[in-house]
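For the record, the sequence lines run as chains U and X.
For the first sequence, the residue numbers in the numbering used here are 5 to 499.
For the second sequence, the residue numbers in the numbering used here are 21 to 180.
Everything on this sheet refers to the single structure shown next.
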Amino acid sequence: MVGIDVIYDILTPKIIITMLLTSFYGLFIGSMPGLTATMAAALLVPFAFWLDPLTALAMIIVMDVLAIWAGDVPATFVRIPGTPASAAYIDDMYELTKKGRGQIALSISLLGSTLGGLIGVLVLMFFSPELARFAINFSSSEFFWLVIFGLISSVLAVRGSVIKRMTSLILGLLISLIGFDPVFYSSRLTFGIPELEGGLSYIPILIGVFGMSEVIRRVYYKTRGVTITLPPTEFKALELIATGFSTIRKYFTRFITGSLIGVIIGALPGAGADIAAWLSYNISYRFSKNKDEYGKGSEEGILAATSANNASLGGAWIPSLVFGIPGDSVTAIVLGVMMMKAVIPGPRIFVEQGRLITSLFIIFLIANILIIPLGILTIKTLGRLFLRTPDYLLVPAILVFCIVGSYAVDFTFFNVAVMILFGVIGFFMDRYGFPIPPMILGIILGKMLETYFVMTFMKGGIIAFFNRPLSLVLIILIIFIILTPKLGKVVMGRR
Amino acid sequence: MVGGFKPGSFFFSIFLLIISVLLLRESFKINTLGIGWGGPRFFPQTLITFLLLLSIILVVVEGGKFFKYLTLNRNNRVPSVRWGEVLPVILVLAASLTYVLVIKIVGYFITTFTLSFIVSLMFRARVLDALLIATVITLSIWFLFKVLLSVPLPEGMFGW
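Now the structure itself:
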């Protein structure tokens, strides 16, 4: 299946060096509380401009895989999640640290993440083409409902007030409509500002809401580094790996269930590693015989959630590659990079870009395997060092990176102004409980939603949205995901 | 604070309402191209109407919480803006905007060094450390973008 040409494509000094550098970058970002894989991916985009498609995408894949695992490092040692995905099982990690088993907790997450991630990639490798063949039957009406499904998922997948979640989504959709419209080429919502005629590039917006808002937040709260006192317990590298494997053997059902939940959640547009981890942890708790251990250092819970974490990363690529709809916020950035490189996602990508896609699968596998040696290295040495990076070094570096990164998109300072503005907006939205992900998904999918809406409407009016079997299936699916919690309550109530 | 309520949330809702009204006004300028159902105007106007409705609900809900907050804190004054917390944020934003305005004139090196130095000092770095940090940040980002990625960073009147 894997041609020798694909191996040649990957085994170039440029790709190997890029993978190594971004793996350390991913470990660093994941280990830093407050810095997310999404922000790290956004900061990589300016580099992607200057690289070939395979190197650019390899860079993001490796960073993402390593960052999601590394988010467990500060969760374990200082009870601060490095990435949102680590929040689900943070108490269990920290409790094990207090018992002198912090390194063991990380070794379970290391093996769970690696093997869960590999399952995610295998599903991506073997099921994406089938999904692609299925997707060829999709018309504008199905794509319209699919985009709606993704947008609604993004609203349902976050917490907080429904009104605020909806507001965030609508704001995102409106931001995407600024400038010329995709069907009639009319100028819209520009307020007479010529720079807005071409629309807003979403890269400076992403850098703003994730990177700049983090700078503002840190300046506002003047966050200080936390002094860590680690228990003196040290384990040998082989001992850590052996413990990880034995935990997987002991809780094999949890591991498989967690990985499958991760793949499924990842494949849903708009849902990512954090939701997968929460869901898997909750389901594991529901079916566990050791419920009392949950929250107090449950190795079972950690395994279930961490295997879902990294399995979701592969799953998130399925809708991205097949439909061009991001599975999570990192793949939203990946889609931007793909389009920038004229790699158009969609059902035909496996035919037109077969060699590139196979290379990406292999890189995904390598990235997951890389977690083991680099993770052990991190557990043993780097974790503590990263956590002690003081704000007076970190904040100016992020700020300058945000500015130069936004400027590098098209060498204009208008994008830098957009980045700063969205940094402020992101800060206030976060402060007042408006979730950012629906807005981001709205910005990414807004033009697509309008295009499919207009195409379907012009084909046959309102009825065209409802007269195809696949459209009806998607509508039922949308109603189902909206009503699931209520149906669950009704069923539980009857019991 | 009542139930974790932040008074700023009410003002943010009002800000959203104002934005919705401005957007609605702007949406009437979109040419319908004579299309009966609205053509290019239909989609933005529908979304803006939703945003307007959501903003009104938010103003009512957050307003209710705000006035409850005022009633429960009748004896205490509504906390005013804590300038000690806000000023550093304004300073960073102002420094970033000044950076954007000045970089074309002065060039990358001086502006980036100054910005990194100021922000580092704000986080209470010692002057010598801040100087070192600013130098390292300026040179590493220059190396990454200019040397490795060939991004044309502004050179200004000094040519660097």
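Every residue gets a Cβ at the ideal spot worked out from N, C-alpha and C, and that includes glycine.
Item                                                                                                                 : Value
Local Cβ density within 10 Å of A114(X), reported as buried at 16 or more and exposed below that                     : exposed
Rounded Cβ spacing between S111(U) and I245(U) (contact assumed at less than 8 Å)                                    : 7 Å
Chain X contacts made by the segment 165-177 of chain U, where a contact means CB separation under 9 Å               : S165, I167, K168, M170, T171, I174, L175, L177
Simplified DSSP state of G176(X), which is helix, strand or coil                                                     : coil
6 Å Cβ shell around G123(U) - same chain, five flanking residues per side excluded                                   : According to the sequence displayed, residue 123(U) carries Ile and not Gly. For I123(U), where only same-chain residues beyond five positions count, the Cβ hits under 6 Å are S263, A315.
Neighbour list for I20(X) in chain U, Cβ cutoff strictly below 7 Å                                                   : This structure gives no information on residue 20(X), because the portion of chain X shown stretches from 21 to 180.
Contact the segment 100-114 of chain U vs the segment 60-71 of chain U: 3+ CB pairs below 8 Å                        : no
Continuous alpha helix (DSSP H) assignments of at least 4 residues falling wholly in the segment 109-143 of chain X  : 128-142
Residues sharing a beta bridge with G183(U), DSSP                                                                    : R192(U)
Segments assigned alpha helix (DSSP H), at least 4 residues, entirely inside the segment 297-341 of chain U          : 303-327
8 Å Cβ cutoff met for V120(X) and V219(U)                                                                            : no
Nearest-angstrom Cα separation, counted from E82(X) out to S47(X)                                                    : 27 Å
Pair within 8 Å by beta-carbon distance, I337(U) and V49(U)                                                          : yes
Collapsed DSSP secondary structure at V230(U) in the structure displayed                                             : Annotation note: pLDDT 37 at V230(U) (below 50); position unreliable, no value reported.
Beta carbon proximity, T91(X) to chain U, threshold 8 Å                                                              : no
Short CB-CB distance (under 8 Å) between P108(X) and chain U                                                         : yes
Contact between the segment 465-480 of chain U and the segment 342-362 of chain U (3+ Cβ pairs under 8 Å)            : no
Neighbour list for L193(U) in chain X, Cβ cutoff strictly below 8 Å                                                  : L43, E46, S47, I50, P64
C-beta neighbour in chain U for K26(X), strict 8 Å                                                                   : yes
Straight-line Cα distance separating F32(U) from L24(U)                                                              : 12 Å
Start-end ranges of the alpha helix (DSSP H) lying completely within the segment 9-71 of chain U, minimum 4 residues : 17-35, 41-52
Beta carbon of L115(U) nearer than 8 Å to that of W73(U)                                                             : no
Sequence-distant residues of its chain with Cβ nearer than 8 Å to W54(U) (five each side left out)                   : none
Test item: CB-CB of G299(U) and D96(U) under 8 Å                                                                     : yes
Residue closest to I94(U), alpha-carbon to alpha-carbon, out of A41(U), A45(U), F142(U), A309(U)                     : A309(U)
Chain X contact for G38(U) (CB, 8 Å cutoff)                                                                          : Bear in mind that a pLDDT of 48 at G38(U), under 50, signals an unreliable position, so the number given afterwards is only what the model happens to contain. Cβ-Cβ to chain X under 8 Å: no for G38(U).
Residue closest to G120(U), alpha-carbon to alpha-carbon, out of A79(U), I373(U), S292(U), G203(U)                   : I373(U)
Residue nearest to S172(U) in terms of C-alpha spacing, selected from F438(U), I483(U), T460(U)                      : F438(U)
P400(U) in three-state terms, based on DSSP                                                                          : helix
Any C-beta of chain X under 8 Å from that of V477(U)                                                                 : no
Boundaries (first-last residue) of the alpha helix (DSSP H) holding K463(U)                                          : 440-464
Under 9 Å by beta carbon: chain X residues contacting S190(U)                                                        : I50, N51, T52, L53, G59, P60, R61
Assigned exposure category for A346(U) - 16 Cβ within 10 Å defines buried                                            : exposed
Limits of the unbroken alpha helix (DSSP H) element including L364(U)                                                : 358-381
Backbone CA spacing between G248(U) and V127(U) [nearest angstrom]                                                   : 23 Å
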